[in-house]
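In what follows, a structure is listed as structure tokens, so that the remarks can point back to it.
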Amino acid sequence: MLITCRLWKAIKKYSLSPEDAKSHHWKMRFLILNVFFCVFAGFFYWKHNMYCESGSYTLFALFEYLVVFSNMAFHLTAVWDFKSREVMVISSSEDKDF
């Protein structure tokens with residue numbers, strides 16, 4: 041995630057379409073959210089292991105799920121990146137049993 045956002049800064053000097061700018065904007069938001077959630081997940085995990093406070097593990101699990109969801113959302117921005125592209129998968133049918 042970090043490398044992708046860093047590469048966008050290098051590419052920014054070239055002209056970007058509005059869709060590319062929108063994608064980069066959302067990527068940055070999801071990166072910041074992901075880092076924020078990771079820090080809090082680590083904090084609550086440490087709190088659970090060190091002090092065994094009630095509810096700490098629950099909050100750790102919540103932030104862990106939020107890390108996963110923000111990561112998935114980051115990668116879903118590929119819809120804007122590849123909107124005008126087509127993918128074609130071709131396979132020869134020789135020696136294949138379907």
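Numbering of the sequence shown is given in the working numbering, commencing with residue 41 and proceeding in unit increments. Note that the Cβ used here is the ideal one computed from N, Cα and C, for glycine as well. Just so it is clear, the structure is predicted and the values come from calculations on it, not from any experiment.
Open item on the list: Measuring CB atoms only, is the stretch 48–68 touching the stretch 82–93, in the sense that at least three cross pairs come out at less than 8 Å?
Closed with: Judged by Cβ distances under 8 Å, the stretch 48–68 makes no contact with the stretch 82–93, as fewer than three pairs qualify.
TODO: In the DSSP assignment, find the unbroken alpha helix (DSSP H) run with I43 in it and report its ends.
DONE: According to the DSSP assignment, I43 belongs to the alpha helix (DSSP H) that extends over L42 to I51.
Task: CA-to-CA distance, T117 to K124, given in whole angstroms - done: Note that residue 124 corresponds to Ser in the displayed sequence, not to Lys. Computed Cα separation, rounded: 14 Å.
Task: Test item: CB-CB of S110 and F77 under 8 Å - done: Contact flag set, yes.
Open item on the list: Less than 8 Å between the C-beta atoms of M68 and C92, yes or no?
Closed with: No, the pair does not count as a contact, with Cβ atoms beyond the cut-off.
Open item on the list: Within 10 Å of its beta-carbon, does H64 have 16 or more other beta-carbons around it, so buried, or fewer, so exposed?
Closed with: The residue is buried, with at least 16 neighbouring Cβ atoms inside 10 Å.
TODO: Assign V119 to one of two classes, buried (16 or more other C-beta atoms within 10 Å of its C-beta) or exposed (fewer than that).
DONE: Burial call: exposed.
Open item on the list: Could you compute how far the alpha carbon of Y97 sits from the alpha carbon of H88?
Closed with: Those two C-alpha atoms are separated by around 6 Å.
TODO: Could you work out which residue in S94, G95 and L71 is closest to S43 when comparing CA atoms only?
DONE: Inspection of the sequence shows that residue 43 is occupied by Ile rather than by Ser. Residue L71 is the option with its Cα nearest to I43.
Task: Enclosing alpha helix (DSSP H) for R69 [first to last residue] - done: P58 to Y91 is the span of the alpha helix (DSSP H), which, as asked, contains R69.
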